[in-house]
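Comments concern the structure below.
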Amino acid sequence: MKKTVLITGAARGIGASCAELFAKNGYRVAINYFQSKLKAQALLEKIKQTGGCCEIFYADISNYDDVKKMHEEVENKLGDPDILINNAGISEQKLFTDITLEEWDEMFSVNSKGVFICCKEFLPSMIRKKQGRIINISSIWGVLGGSCEVHYSASKAAVIGLSKALAKEVALSNITVNCIAPGVISTDMMKIHSKQTIKLLEQEIACGRMGRPEDVANAALFLASDEASYITGQVLNVDGGF
Ligand code: NAP
């Protein structure tokens with residue numbers, strides 16, 4: 001039977017690449033978008049034209065009411081998700097001393113609380129079915145710490161802590177919870193960096209190039225597969241050897 005995957009922040013970047021790859025592999029794909037409705041619609045058309053099964057769903061993942069509403073809509077159209085990919089995220093470059101309380105809260109509201117809200121909303125049906133996969137997109141900066149990205153790094157480290165703890169709590173329900181920690185991946189998120197900074201970052205990557213969104217999507221597809229059923233509570237770095 002076909003499985004349903006919900007991918008947050010899937011209108012563009014890594015999320016969009018996951019949506020295309022999962023659709024190509026026969027999953028029913030729920031594409032969540034927040035501000036990029038037109039991009040979500042274009043992706044929907046693209047996937048449907050190639051015979052894939054998908055629908056788009058609005059929600060600000062930091063808003064519990066939005067996520068509850070999205071859950072009802074996903075359930076009605078595609079069935080309750082078997083796989084949840086918490087991909088949506090925001091980033092910002094700032095000296096620690098310039099980060100305001102509001103900016104700290106905003107970062108945690110989307111990157112950490114958003115993951116908590118989506119897990120809280122979608123986990124109960126996975127527990128009932130005794131089957132599920134949660135894949136949380138953290139960041140290499142959540143593992144290593146990134147200069148001028150203290151709030152981002154901390155919010156992504158929180159996702160790792162959440163995943164490791166939740167993995168232990170739900171393992172006997174046949175649910176795995178893992179993180180992917182992407183390195184430097186070529187998406188809109190990297191556009192804040194100058195060409196010079198990108199060059200410097202590339203020099204730190206053993207593979208000698210930035211990652212592609214597909215590199216992350218391939219890892220997510222594996223973690224969602226039956227072959228990954230004995231892997232839980234892990235952080236898989238997809239960083240080209242950063
Ligand atoms: P991106 O191209 O900037 O995309 C970010 C996505 O997050 C967008 O689809 C956006 O949706 C969504 N989003 C933001 N706030 C949201 C909210 N409140 N509710 C729902 N969706 C929201 O970035 P990306 O590079 O693909 O990043 C995807 C994930 O990978 C993020 O968690 C990011 O932190 C992580 N990551 C990226 C890199 C990298 O180098 N690119 C490295 C490490 C980790 P809308 O456009 O619809 O608003």
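Position 142 of the sequence shown, counting from 1, maps to 142 under the working numbering, and the rest follow consecutively.
Glycine is no exception: its CB is placed at the ideal position from the N, C-alpha and C atoms.
Predicted, not measured: the structure shown is a model, and the values here were computed from it.
Give the range of the beta strand (DSSP E) segment to which Val177 is assigned.
Here residue 177 is taken as the residue at index 177 of the sequence shown, counted from 1. Ile175 to Pro182 is the extent of the beta strand (DSSP E) around Val177.
For Gln131, collect the residues of the same chain with a Cβ closer than 6 Å to its Cβ; drop the 5 residues on either side in sequence, then sort them by chain order.
Counting from 1 along the sequence shown, the entry for residue 131 is found at position 131. Correct list, in chain order: Asn174.
When you compare only the Cα positions, how much space is there between Met126 and Gln196?
Here residue 126 refers to the residue found at position 126 of the sequence shown. Here residue 196 refers to the residue found at position 196 of the sequence shown. Whole-angstrom Cα-Cα distance: 45 Å.
Alpha carbon to alpha carbon, how far is Gly89 from Gly211? Give it in angstroms, no decimals.
Sequence index remark: in the sequence shown, residue 211 carries index 211 (1-based). Sequence index remark: in the sequence shown, residue 89 carries index 89 (1-based). Cα to Cα, Gly211 sits roughly 17 Å from Gly89.
Where does Cys54 fall in DSSP's three states?
Position 54 of the sequence shown, counting from 1, holds the residue named residue 54. Of the three classes helix, strand and coil, the one that applies to Cys54 here is strand, per DSSP.
Quick one: residues in its chain with C-beta nearer than 7 Å to the C-beta of Phe22, no 5 flanking neighbours on either side, listed in chain order?
In the sequence shown, counting from the first residue as 1, residue 22 sits at position 22. Val5, Val29 and Leu221.
Helix, strand or coil for Gly146, going by three-state DSSP, please let me know.
Position 146 of the sequence shown holds residue 146. Gly146 falls in the coil class under three-state DSSP.
Can you tell me the Cα-Cα spacing of Glu72 and His151, whole angstroms?
For the purposes of this step, residue 72 is identified with residue 72 of the sequence shown, where counting begins at 1. For the purposes of this step, residue 151 is identified with residue 151 of the sequence shown, where counting begins at 1. Approximately 32 Å between the Cα atoms of the pair.
When we look at the beta-carbon of Leu20 and count the other beta-carbons within 10 Å, is it buried (16 or more) or exposed?
Walking along the sequence shown from the start, residue 20 turns up at place 20. Per the sequence shown, the amino acid found at residue 20 is Glu instead of Leu. Of the residues assessed, Glu20 falls on the buried side of the cut-off, its CB having 16 or more other CB atoms within 10 angstroms.
Looking at Ile85: is its Cβ nearer than 9 Å to the Cβ of Ala171?
Indexing the sequence shown from 1 puts residue 85 at position 85. Indexing the sequence shown from 1 puts residue 171 at position 171. Between Ile85 and Ala171, the C-beta gap is not smaller than 9 Å, which leaves the two residues out of contact.
Find the nearest neighbour of Leu95 within the set Lys191, Lys69, Gly145 and Glu149, judged by alpha-carbon distance.
What you label residue 95 is simply residue 95 of the sequence shown in a count that begins at 1. For the residues Lys191, Lys69, Gly145 and Glu149, the minimum Cα distance to Leu95 belongs to Glu149.
Would you report the Cα separation of Ala181 and Asn76, rounded to the nearest angstrom?
Against the sequence shown, residue 181 aligns to sequence position 181. Against the sequence shown, residue 76 aligns to sequence position 76. Taking the straight line joining both Cα atoms gives about 32 Å.
Verify the CB distance criterion: does Leu123 have a CB-CB separation below 9 Å to chain C?
Among the chains of the structure shown, chain C does not appear; only one protein chain is present.
Using 8 Å as the cut-off, classify the Cβ of Gly13 as near or not near the heavy atoms of the ligand NAP, replying yes or no.
Position 13 of the sequence shown holds residue 13. For the ligand NAP, at least one heavy atom lies less than 8 Å from the Cβ of Gly13.
I'd like to check one pair, Phe116 with Pro81: are the Cβ atoms closer than 9 Å?
For this step, residue 81 is matched to residue 81 along the sequence shown. For this step, residue 116 is matched to residue 116 along the sequence shown. Going by C-beta atoms, Pro81 is not nearer than 9 Å to Phe116.
Quick check: does the Cβ of Gly114 come within less than 8 Å of any heavy atom belonging to the ligand NAP?
Against the sequence shown, residue 114 aligns to sequence position 114. Yes - the ligand NAP has a heavy atom lying nearer than 8 Å to the Cβ of Gly114.
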